[in-house]
Amino acid sequence: MRTLLLITGILILFAAEILRVYFIMPMPGSQQSNTIDIAYFIAKNILWLRLTGLVLFLIPAITIFRNGSNWKRFGLIFVFIIYLVVVYMFNFVMEADKMFYQPKHKHFASYADNKIDSNKLVLGVSLNGIAKAYPIQLIGYHHQVVDSIGDTPVIVTYCTVCRTGRVFSPEVNGKIEQFRLVGMDHFNAMFEDASTKSWWQQATGTAITGKLKGTSLKEISSQQVSLSAWNRMFPGTLIMQPDSSFKEKYEKMDSYDKGLSMGSLTRRDSASWQPKSWVVGISIQNEAKAFDWNELVKKTIIEDSLAGTALVITLEKDNASFHVWNRIVNNISLRFSKNNSTGYITDIQTGSVWNEDGKCISGPLAGQQLKIIQAYQEFWHSWQTFHPETKK
Numbered sequence: 000m001r002t003l004l005l006i007t008g009i010l011i012l013f014a015a016e017i018l019r020v021y022f023i024m025p026m027p028g029s030q031q032s033n034t035i036d037i038a039y040f041i042a043k044n045i046l047w048l049r050l051t052g053l054v055l056f057l058i059p060a061i062t063i064f065r066n067g068s069n070w071k072r073f074g075l076i077f078v079f080i081i082y083l084v085v086v087y088m089f090n091f092v093m094e095a096d097k098m099f100y101q102p103k104h105k106h107f108a109s110y111a112d113n114k115i116d117s118n119k120l121v122l123g124v125s126l127n128g129i130a131k132a133y134p135i136q137l138i139g140y141h142h143q144v145v146d147s148i149g150d151t152p153v154i155v156t157y158c159t160v161c162r163t164g165r166v167f168s169p170e171v172n173g174k175i176e177q178f179r180l181v182g183m184d185h186f187n188a189m190f191e192d193a194s195t196k197s198w199w200q201q202a203t204g205t206a207i208t209g210k211l212k213g214t215s216l217k218e219i220s221s222q223q224v225s226l227s228a229w230n231r232m233f234p235g236t237l238i239m240q241p242d243s244s245f246k247e248k249y250e251k252m253d254s255y256d257k258g259l260s261m262g263s264l265t266r267r268d269s270a271s272w273q274p275k276s277w278v279v280g281i282s283i284q285n286e287a288k289a290f291d292w293n294e295l296v297k298k299t300i301i302e303d304s305l306a307g308t309a310l311v312i313t314l315e316k317d318n319a320s321f322h323v324w325n326r327i328v329n330n331i332s333l334r335f336s337k338n339n340s341t342g343y344i345t346d347i348q349t350g351s352v353w354n355e356d357g358k359c360i361s362g363p364l365a366g367q368q369l370k371i372i373q374a375y376q377e378f379w380h381s382w383q384t385f386h387p388e389t390k391k
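The sequence shown begins at 0 in numbering that gives the first Met the number 0 and counts up by one.
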């Protein structure tokens with residue numbers, strides 16, 4: 000019986016520490032199954048599991064120390080030391096928020112004074128006449144940046160494993176909530192709120208377990224384009240600058256923009272419709288569709304429709320900045336041709352010319368602005384996971 004108690008206690012102690020992290024970090028086999036509720040149970044009951052394991056361990060251990068041989072005593076000491084090492088590693092080294100920190104010093108600069116290369120991708124947000132750009136090289140490391148645009152609080156998030164950039168309001172039930180990076184689920188970053196300890200999916204902004212399960216954060220419109228393109232659209236933009244505390248971390252993200260990362264989790268597959276292939280994802284009224292990035296690069300303009308909305312997708316000359324617009328103007332579903340030398344598009348119906356920002360600059364429709372449709376560039380595995388009914 001003592002041996003059974005001892006082994007059971009050891010198994011509980013080790014399993015609780017390891018599985019608590021295993022289920023919510025990118026370890027072999029951990030992200031393919033629906034184990035989030037198991038992970039949450041372990042995380043929220045870790046103290047009780049530790050106490051149970053320790054009691055089961057100590058009851059026979061005390062007897063062994065009193066009456067057992069020296070090698071048994073040394074064996075127990077060795078096992079407990081290994082356990083303490085596991086506790087340290089899985090609580091202070093391998094925790095997500097111990098690997099990826101929020102900025103210590105947030106600093107924004109004008110385009111003229113900024114240190115970010117103009118060809119770098121940014122997640123841009125414009126609210127009430129104020130525009131800000133968050134370089135993916137920076138937010139890709141941090142995973143979240145808590146900020147405000149004017150008087151509006153925002154949380155700018157990014158998951159490099161899914162290539163998903165999302166901006167949300169941090170308001171939950173009328174209160175500005177604080178979040179910490181807790182791990183990932185189905186390879187997508189996951190945050191924990193400070194008030195209820197619920198876990199929230201980054202790609203959807205929805206709480207997937209905990210007291211607030213099913214609650215969603217309000218998404219704030221954003222665009223992923225090059226910094227030069229964002230500055231063209233919003234000349235007065237402010238740009239997030241590197242925090243010198245994380246210089247080496249940013250350097251490791253330098254090639255991520257262009258899909259040149261060599262990491263197995265963050266690399267790009269240059270072929271189409273592979274798990275790590277790039278797609279442009281659009282969701283309208285519970286209908287979703289993914290468009291192959293390689294096809295967009297080849298054609299530079301794609302016309303389609305989704306949920307009754309006529310769409311036009313264009314790619315700028317930098318082969319990085321893309322736009323999705325509603326192509327219905329004055330109740331007419333416009334068709335376009337593109338001049339790849341200028342980047343401008345011309346509608347077939349009126350011959351009006353539209354610039355790279357979706358504004359008509361000449362012709363009968365001069366002054367009209369195409370309505371922006373929220374769209375995302377991300378990995379195909381991510382879009383497919385969180386939009387299982389997606390078309391392609």
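Heads up, the beta-carbon is just placed ideally off N, CA and C, and yes, glycines get one too.
Go ahead and pull the three-state DSSP assignment for residue i.
| i | result |
| --- | --- |
| I138 | helix |
| V144 | strand |
| F290 | strand |
| D346 | strand |
| L305 | strand |
| W379 | helix |
| D184 | strand |
| F99 | coil |
| Y133 | strand |
| T159 | coil |
| S332 | strand |
| V174 | The amino acid at residue 174 is misidentified as Val; the sequence shows Lys. Here K174 sits in strand by DSSP. |
| A202 | coil |
| A42 | helix |
| L364 | coil |
| S32 | coil |
| K468 | Any question about residue 468 goes unanswered here, given that the chain covers just 0 to 391. |
What first and last residue would you give for the alpha helix (DSSP H) that runs through residue i?
| i | result |
| --- | --- |
| I17 | R1 to Y21 |
| F335 | Looking at the DSSP string, F335 is not in any alpha helix (DSSP H); the run it does join, the beta strand (DSSP E), is F335 to K337. |
| E247 | K246 to K251 |
| F64 | I45 to N66 |
| D116 | Neither: D116 is in no alpha helix (DSSP H) and is coded neither H nor E. |
| V84 | N69 to Y87 |
Would you call the CB atoms of residue i and residue j closer than 8 Å?
| i | j | result |
| --- | --- | --- |
| L120 | I138 | no |
| I154 | Q136 | no |
| L55 | T7 | yes |
| T62 | E377 | no |
| I360 | V323 | no |
| K114 | P241 | yes |
| E355 | R334 | no |
| C158 | A202 | yes |
| A287 | T389 | yes |
| L126 | A60 | no |
| K212 | S197 | yes |
| N33 | Y110 | no |
| M24 | M93 | yes |
| S332 | T345 | no |
| I238 | F107 | yes |
| F233 | A130 | yes |
| I219 | S168 | yes |
| V160 | S221 | no |
| Y249 | Y140 | yes |
Just tell me which of the options has its CA closest to the CA of residue i.
| i | options | result |
| --- | --- | --- |
| S117 | P134, L126, V323 and I17 | P134 |
| F321 | I360, S197 and S225 | S225 |
| Y39 | Y157, G307 and K210 | K210 |
| R165 | T389, H386, G307 and Q373 | Q373 |
| L57 | E218, P387, L12 and L18 | L12 |
| N172 | L75, V145 and K217 | K217 |
| L50 | K105, V160 and E16 | E16 |
| S215 | V145, E170, K251 and W272 | E170 |
| A309 | I283, T2, V279 and D291 | I283 |
| T341 | P234, Y375, P363 and T299 | T299 |
| F290 | K248, N338 and K391 | K391 |
Is residue i near the ligand ZN, in the sense that its beta carbon is under 7 Å from a heavy atom of that ligand?
| i | result |
| --- | --- |
| Y100 | The ligand ZN is not part of the structure shown, which contains no ligands of any sort. |
So the beta strand (DSSP E) residue i belongs to, where does it begin and stop?
| i | result |
| --- | --- |
| L237 | L237 to M239 |
| N187 | N187 to D192 |
| A206 | A206 to T208 |
| L226 | L226 -> not in any beta strand (DSSP E); alpha helix (DSSP H) instead, spanning L226 to M232. |
| G123 | L120 to L126 |
| G258 | Neither: G258 is in no beta strand (DSSP E) and is coded neither H nor E. |
| S282 | W277 to I283 |
| F321 | F321 to N325 |
Step through the CB atoms of chain C and report whether any lies within less than 8 Å of the CB of residue i.
| i | result |
| --- | --- |
| F73 | Absent here is chain C; the protein component of the structure consists of one chain. |
Flag this pair as touching only if the stretch 76–89 and the stretch 27–47 have three or more C-beta atom pairs under 8 Å; answer yes or no.
The stretch 76–89 vs the stretch 27–47: no contact.
Counting beta carbon pairs with one atom in the stretch 351–370 and one in the stretch 325–339, are three or more of them shorter than 8 Å?
The answer is yes - the stretch 351–370 touches the stretch 325–339, with three or more Cβ pairs under 8 Å.
If you pair each beta-carbon of the stretch 170–188 with each one of the stretch 91–100, do three or more pairs fall below 8 Å?
Judged by Cβ distances under 8 Å, the stretch 170–188 makes contact with the stretch 91–100, as three or more pairs qualify.
Do the stretch 288–303 and the stretch 314–325 meet, that is, are 3 or more Cβ pairs less than 8 Å apart?
A contact exists between the stretch 288–303 and the stretch 314–325.
Is the stretch 378–386 close to the stretch 181–198, with three or more CB pairs under 8 Å?
Touching, yes, given that three or more Cβ pairs across the two stretches are closer than 8 Å.
With contact counted as at least three CB pairs below 8 Å, one residue from each stretch, are the stretch 360–373 and the stretch 252–266 in contact?
Judged by Cβ distances under 8 Å, the stretch 360–373 makes no contact with the stretch 252–266, as fewer than three pairs qualify.
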